[in-house]
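Enquirer:
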Amino acid sequence: GAVVSQHPSWVICKSGTSVKIECRSLDFQATTMFWYRQFPKQSLMLMATSNEGSKATYEQGVEKDKFLINHASLTLSTLTVTSAHPEDSSFYICSARDRVEPNQPQHFGDGTRLSIL
Amino acid sequence: QKEVEQDPGPLSVPEGAIVSLNCTYSNSAFQYFMWYRQYSRKGPELLMYTYSSGNKEDGRFTAQVDKSSKYISLFIRDSQPSDSATYLCAMSRNSGYALNFGKGTSLLVTP
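Chains F and D, in that order, are what the protein sequence lines are.
The first sequence begins at 1 in the working numbering and counts up one residue at a time.
The second sequence begins at 118 in the working numbering and counts up one residue at a time.
(1) Identify each residue in the region 119 to 134 of chain D for which the Cβ-Cβ distance to at least one residue of chain F is less than 9 Å, and report them in chain order.
(2) In three-state DSSP terms, what is Pro8 of chain F?
(3) Compile a chain-ordered list of the residues in the region 85 to 114 of chain F whose CB is closer than 9 Å to at least one CB of chain D.
(4) Return the bridge partner residues of Arg154 of chain D from the DSSP annotation.
(5) Quick check: the Cα distance between Arg194 of chain D and Leu128 of chain D, rounded to an integer number of angstroms?
(6) Count the C-beta pairs between the region 41 to 49 of chain F and the region 215 to 225 of chain D that are closer than 8 Å, then say yes if the count reaches three, no if not.
(7) In the region 47 to 101 of chain F, which residue ranges form an unbroken beta strand (DSSP E) of at least 3 residues, counting only runs that do not cross its ends?
(8) Where does Thr199 of chain D sit, in a helix, a strand or coil, going by DSSP?
(9) Go ahead and pull the three-state DSSP assignment for Arg194 of chain D.
(10) How would you label Gly160 of chain D, buried or exposed, when you count the other beta carbons within 10 angstroms and need 16 or more for buried?
(11) Give a yes or no on whether the C-beta atoms belonging to Thr31 of chain F and Glu52 of chain F are separated by under 8 Å.
(12) Taking a contact to mean a Cβ-Cβ separation below 8 Å, would you say Glu132 of chain D touches Thr227 of chain D in this structure?
(13) Would you check whether the ligand ATP has a heavy atom nearer than 7 Å to the C-beta of Ser129 of chain D?
(14) Near Ser137 of chain D, which residues of its chain fall below 7 Å by C-beta distance, leaving aside the five closest residues on each side in sequence?
(15) Span of the beta strand (DSSP E) holding Phe147 of chain D?
(16) Below 8 Å on the Cβ atoms is my contact criterion, and I expect Ala202 of chain D with Arg154 of chain D to pass it. Report the Cβ-Cβ distance as a whole number of Å.
(17) Name the residue from F:Ser83, F:Phe108 and F:Pro102 whose alpha carbon lies nearest to the alpha carbon of Leu26 of chain F.
(18) Buried or exposed for Asp65 of chain F, please, with buried defined as at least 16 other CB atoms from any protein chain shown within 10 angstroms of its CB.
(19) Report buried or exposed for Leu205 of chain D, applying the criterion of at least 16 other Cβ atoms within 10 angstroms of its Cβ.
(20) Against chain D, which members of the region 41 to 53 of chain F pass a CB distance test of less than 7 Å?
(21) Does the separation of the CB atoms of Ala134 of chain D and Trp152 of chain D fall below 8 Å?
(22) Compute the Euclidean distance between the alpha carbons of Ser143 of chain D and Asn217 of chain D, then round it to the nearest angstrom.
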């Protein structure tokens, strides 16, 4: 089956640093990837939609200058949390839509747990 | 009012019981409905995917969609301890689009 790999799975860093999270589609190409954030005991909330070769579309209330998204290839999207603060600590999950089967459900990665001290 | 409502539980049942999970929603434009299972510190795993109203069965799992009531359900028969997880409902207006998730229901199946 289609596999989406996220890296790192867990990261702890100091307040003020920037953290990059990678989302890779391993055995399919993804023109569209989605980034979600999940706080404890909360639902997944869409942060942004990333389209290969173009600028990401951010949801209302999500700061595009703080959460930088790059989708430079059909198999890789990155989310960089700039100048991270403790309130950015969360579970970040990406999903990818198969270019060949765009109407099928998205494939999810296993998430990245981000802890800012 | 949130677009998707789901009781977070927790729900505790004995092994072998039939589990009923459900969600309500407010946006009548939703046409695609999914149920995901999520283990702790893992990404969501797709269980069921349905379009519009109706029932769909896959092994021990049955998904029901009632668009007139804006109500969807997931039934798990012969529940097993390995079914213990958080179950998330999700829906979208168009297939392949970003999903609107419920908060998730925590299920515990006790031996």
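All C-beta atoms in this analysis are idealised placements derived from N, C-alpha and C, irrespective of residue type, glycine included.
Expert: The structure says:
(1) Flagged, chain order: Lys119, Val121, Gln123 and Pro125.
(2) Under the three-state reduction of DSSP, Pro8 of chain F is assigned to coil, being neither helix nor strand.
(3) Phe91, Ile93, Cys94, Ser95, Arg97, Asp98, Glu101, Pro102, Asn103, Gln104, Pro105, Gln106, His107, Phe108, Gly109, Asp110, Gly111 and Arg113
(4) D:Glu162 and D:Tyr204
(5) Taking the straight line from one Cα to the other gives about 15 Å.
(6) Judged by Cβ distances under 8 Å, the region 41 to 49 of chain F makes contact with the region 215 to 225 of chain D, as three or more pairs qualify.
(7) 67 to 73, 76 to 81 and 90 to 98
(8) The sequence shown places Ser at residue 199 of chain D, not Thr. Note: Ser199 of chain D maps to helix in three-state DSSP.
(9) Assignment of Arg194 of chain D by DSSP, reduced to helix, strand and coil, places it in the coil class.
(10) buried
(11) yes
(12) yes
(13) Because no ligand of any kind appears in the structure shown, any question about the ligand ATP cannot be addressed here.
(14) Ser190 and Phe192
(15) Taken as a continuous stretch (DSSP letters only), Phe147 of chain D belongs to no beta strand (DSSP E), as it is neither H nor E.
(16) 5 Å
(17) F:Phe108
(18) exposed
(19) With 16 or more other CB atoms across the displayed protein chains lying within 10 angstroms of its CB, Leu205 of chain D is buried.
(20) Lys41, Gln42, Ser43, Leu44, Leu46 and Thr49
(21) no
(22) 11 Å
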